[in-house]
Amino acid sequence: MGVISTVLGFSGFGFGFSAGIVIGYFLFIYVQPNDVKDVKVRPLVEYDSKSLEAILPEIPLWVKNPDYDRIDWLNRFLELMWPYLNKAICRTAQEVAKPIIVENTAKYKIDSVEFETLTLGSLPPTFQGMKVYVTEEQELIMEPCIKWAANPNVTVAVKAYGLKATIQIVDLQVFALPRITLKPLVPTFPCFAKILVSLMEKPHVDFGLKLLGADIMAIPGLYRFVQETIKKQVATMYLWPKTLEVPIMDPSKSKKPVGILSVKVVRAQNLRKKDLLGKSDPYVKLKMSDDKLPSKKTTVKRSNLNPEWNAEFKFVVTDPETQALEINVFDWEQVGKHEKMGMNSVQLKDLPADETKVSTLELLKTMDPNDVQNEKSRGQLTLELTYKPLKEEDMEKEGTEGTDVVEKAPDGTPAGGGLLYVIVHEAQDLEGKHHTNPYAKIIFKCEETKTKVIKKNRDPRWEDKFEFVCEEPPVNDKLHVEVLSKAPKKGLIHGKENLGYIDISLADVISNKRINEKYHLIDSKNGQIQIEMRWRTS
């Protein structure tokens, strides 16, 4: 009897202990306390020193850090727009999630996954302050401090094997310090090509998660595990220097150089006579289609219908599949308009890479294949064409930090030629004695080019781009840049006026592949000019 009573005693204890744990768990989860009171709001003057120290982390950043700006206007805007933003965001989320759900339900043998309720609640996120960085790059960098204590109601119903389970997300809190970069800035709406987002600190994410109506986050140990897992996963993907890149504009609209076309104008034969009292004075103009740069010209051969030039030119190619070399032959006239003697074109897609192709082209009246005037012979033009693609490893590419990273040049001077890419961004504090209509003149070796003229402006912004093809790396050369002011009218006593100049050594550009700096202008009191240079080998 003693043994039996002992066994029964232990069995009763085990059953009672187990039943107590189960009942206590459900009471802890389902029974809500009814003595919860609203927090009393008191002015800061009523707090003692220890209480003030305790609430310091909650003070907005614009109070603690002078480089953060107060943006209450943005919070008011969000407050008014939130009812509409809430619906728009939820509708977009459902559209994005729908194909993902359809793809995965069959894989995991789930009957259906549906949103029973989806709302972000009535409380919008708030911005505690924002810091804006000013850089020399074509970008805008913002660091807002975001706090969001929301009351969402997201309920997802999952059906599988004839059973239904509901998962509900409530009481969301998110504190984050992201860095938002808009780059590159372009003159086409919305004026930036992509958005880069990085988190400067690990975010704080807190939410309630209910399964079948029970708050599973109340299970001891689970809350901390979920918190650490979320922080770790988000930090792995988006914590600086890692970024989330969101393209805004079609990247094909901002084409970059992909190759160099070398053209040698050898000779022309059997040109038609244009002058009444003598032979023609021919010269050739060459231009790439879809290129805003001016045409390149050969010299004029006087009184010659079978001229030989052997002139060499180089062109930058941005799209070899669609671009063409446009060729026009003119008869030079000392007075009046030069008369066109013939024309033709060469499609770049027909040229083999890294091979020289000799082409003898028939000169045409027009490029219309149905024009009967093209049947008349107007002479032939012989060209030597070589298309050389640029090396893929020398192109600019996006780094993991979300900023343009240009690969370093190899040790020593690189062999072969390349492309020097110059962008004249802007100038500041220019001072003209008589007028300020500035433009920049760029001289590299024997080539000279100019930006557009900005009238009546001491801080002009040009954003003009120039390309110089080099036979070898210009490590010992300099780029000469002059800023001049053009007289508003011709014939004035004070015509062209020099506003300053700068000579830039290209050795650093060759070694670093890219430089973007502001330079103080010589012979100018406070004038500065911002120039970006890139070097790419062929």
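First residue of the sequence shown: 11, per this note's numbering; consecutive thereafter. Every residue, glycine too, gets a C-beta built ideally from N, C-alpha and C. It should be emphasised that the depicted structure is a prediction, and the values quoted were computed from it without experimental measurement.
For K193, three-class secondary structure by DSSP: strand
Same chain, Cβ closer than 7 Å to S61, neighbours up to 5 away in sequence not counted: The answer is none, since no qualifying residue turns up.
Proximity of E336 and K297 at Cβ, strictly below 7 Å: yes
T376 burial status per 10 Å Cβ neighbour count (16 or more: buried): exposed
C155 and L195 closer than 7 Å at C-beta: no
Opposing strand residues paired with E458 [DSSP bridges]: E458 is bridged to I453.
Separation of P197 from P230, as counted between CA atoms: 56 Å
A450 vs V519 beta-carbon contact at 7 Å: no
Below-7 Å beta-carbon distance, I179 vs any chain B residue: Among the chains in the structure shown there is no chain B, since it carries only a single protein chain.
Close beta carbons around K535, own chain, < 7 Å, minus the five adjacent residues each side: E441
Between the CA atoms of K289 and L516 - distance to the nearest angstrom: 46 Å
Beta-carbon separation (whole angstroms), P484 vs L400, contact threshold 8 Å: No, P484 and L400 are not in contact; Cβ-Cβ is about 17 Å, not under 8 Å.
Stretch-stretch touch, CB-based, cutoff 8 Å, three pairs: the region 267-286 with the region 220-238: Not touching, per the Cβ criterion.
Cβ-based neighbour list, V142, same chain, cut-off 6 Å, excluding 5 preceding and 5 following: Correct list, in chain order: M152.
Cα-Cα separation between Y358 and S299, rounded to whole angstroms: First, the amino acid is wrong: residue 358 is Leu here, not Tyr. Taken atom to atom, the span from the alpha-carbon of L358 to that of S299 is near 10 Å.
Within 7 Å, strictly: CB atoms of V215 and I179: no
Touch test, the region 113-131 against the region 67-82, Cβ-Cβ under 8 Å, three pairs minimum: no
Boundaries (first-last residue) of the alpha helix (DSSP H) holding E63: Counting along the chain, the alpha helix (DSSP H) containing E63 begins and ends at 59-65.
Residue of L393, H348, I525, E481 minimising C-alpha distance to H435: Looking at the Cα atoms, I525 is the closest of the given residues.
C-alpha gap between E318 and V276, whole angstroms: 6 Å
Other residues of its chain near R312: CB distance less than 7 Å, five sequence neighbours each side excluded: By the criterion of a C-beta distance shorter than 7 Å, R312 is surrounded in its chain by D291, once the five residues flanking it on both sides are discounted.
Identity of the residues DSSP links to F340 by a beta bridge: Y293, K350
Where the alpha helix (DSSP H) through A98 begins and ends: For A98, the enclosing alpha helix (DSSP H) stretches over residues 82-117.
Close beta carbons around R282, own chain, < 7 Å, minus the five adjacent residues each side: Here the set comprises M351, R388, G389.
Whole-number beta carbon distance between P498 and P470, since they are thought to touch under 8 Å: Between P498 and P470 the Cβ distance is about 15 Å, and since that is not below 8 Å, they are no contact.
Beta bridge counterpart(s) of T246 as assigned by DSSP: In DSSP, T246 forms no bridge with anything.
Same chain, Cβ closer than 6 Å to I226, five either side skipped, listed in chain order: L219
T145 vs S208 beta-carbon contact at 7 Å: no
Collapsed DSSP secondary structure at T366 in the structure displayed: strand
Per-residue DSSP class, three states only, for F20: Note that F20 has pLDDT 43, beneath the 50 cutoff, so the model's placement of it is unreliable and the number below is only indicative. F20: helix per DSSP, three-state reduction.
Beta-carbon proximity check, L71 vs Q138, cutoff 7 Å: yes
Beta carbon of G510 nearer than 7 Å to that of I532: yes
Cα-Cα separation between V368 and F476, rounded to whole angstroms: Using only the alpha carbons, I get a separation of about 29 Å.
Proximity to E147 [Cα-Cα], best of K488, V244, P162, E527: E527
Neighbour-count burial assignment, D421, 16 or more Cβ in a 10 Å radius: Confidence at D421 is low in this model, with a pLDDT of 34, below 50, so the placement of that residue should be treated as unreliable; the coordinate-derived value is given next. Under this definition D421 is an exposed residue.
Assigned secondary structure, Q390 (DSSP; H/G/I helix, E/B strand, else coil): strand
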